[in-house]
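Residues in the sequence shown are numbered consecutively from 1, following UniProt numbering. The beta carbon of each residue, even a glycine, is placed where N, CA and C say it ideally should be.
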Amino acid sequence: MNNKGVTIYTDGACSGNPGAGGWAAVILFQDQRKDISGRAEDTTNNKMELIAVINGLKTLKTSCNINLYTDSLYIKNGITAWIKKWKINGWRTSNKKPVKNMELWKALDEISSQHQIDWRWVRAHNGDKYNELADALARKAIDNA
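The following block contains the structure:
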């Protein structure tokens with residue numbers, strides 16, 4: 001693993017839940033910034049949050065040390081705590097039901113294993129410059145039908 005220090009801010013948004021959705025990631029490396037975003041029809045906010053993180057990580061061409069910021073406790077808790085038990089339990093919850101968005105969680109687990117990631121939660125709509133930018137990009141993606 002190289003010592004490339006990268007910061008990523010991600011966000012997902014949904015107009016209706018389910019409904020049209022958008023996702024975005026702001027990737028910061030040294031003095032460079034790359035913004036990516038996209039949209040989906042008939043989706044959920046949680047799916048958009050997951051897709052934002054997955055696509056943010058997919059932009060990296062080599063293993064990196066990453067500070068990844070999300071305003072989603074679903075993402076933060078899912079990847080740092082819940083996923084361990086899901087995997088032990090055959091991708092089932094404590095209620096023995098299949099994990100929702102399992103394929104996306106599996107994809108996130110796979111791609112995140114290629115990096116050293118410090119998962120950080122940031123409060124939404126609280127003035128954090130890049131969290132606000134990721135939110136604006138995700139919402140704009142919804143409108144770009």
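For serine 72, does the three-state DSSP call read helix, strand or coil?
Serine 72 falls in the coil class under three-state DSSP.
Assuming threonine 80 contacts tryptophan 119 (C-beta within less than 8 angstroms), just tell me the rounded distance between them.
Cβ-Cβ separation between threonine 80 and tryptophan 119: approximately 5 angstroms, consistent with a contact (criterion under 8 angstroms).
How is aspartate 143 classed by DSSP in three states: helix, strand or coil?
The three-state reading of DSSP puts aspartate 143 in helix, counting H, G and I together.
Provide the residue span of the alpha helix (DSSP H) that contains tryptophan 86, from first to last.
Here the alpha helix (DSSP H) through tryptophan 86 covers 83-88.
Taking Cβ positions, are threonine 44 and asparagine 77 nearer each other than 7 angstroms?
No, they are not a contact pair.
Measure the Cβ-Cβ separation of tyrosine 9 and asparagine 131 and say whether it is below 7 angstroms.
Less than 7 angstroms divides the Cβ of tyrosine 9 from the Cβ of asparagine 131.
In chain order, what residues of the same chain have a beta carbon less than 6 angstroms from the beta carbon of leucine 133, not counting five sequence neighbours either side?
Closer than 6 angstroms at Cβ, skipping near neighbours: Val26.
Within a Cβ cutoff of 8 angstroms, which residues of the same chain sit near threonine 93, ignoring the five residues on either side of it in sequence?
Shown here for threonine 93: same chain residues with a beta carbon closer than 8 angstroms to its own, the five before and five after excluded, namely Trp86, Val99 in chain order.
So, under 8 angstroms CB-CB, residue 146 and alanine 13 are touching, yes? Tell me the CB distance rounded to an integer number of Å.
The structure shown does not extend to residue 146, since the chain is modelled only from 1 to 145, so the question has no answer here.
Through-space distance from glutamine 30 to valine 53, alpha-carbon basis:
Approximately 20 angstroms between the Cα atoms of the pair.
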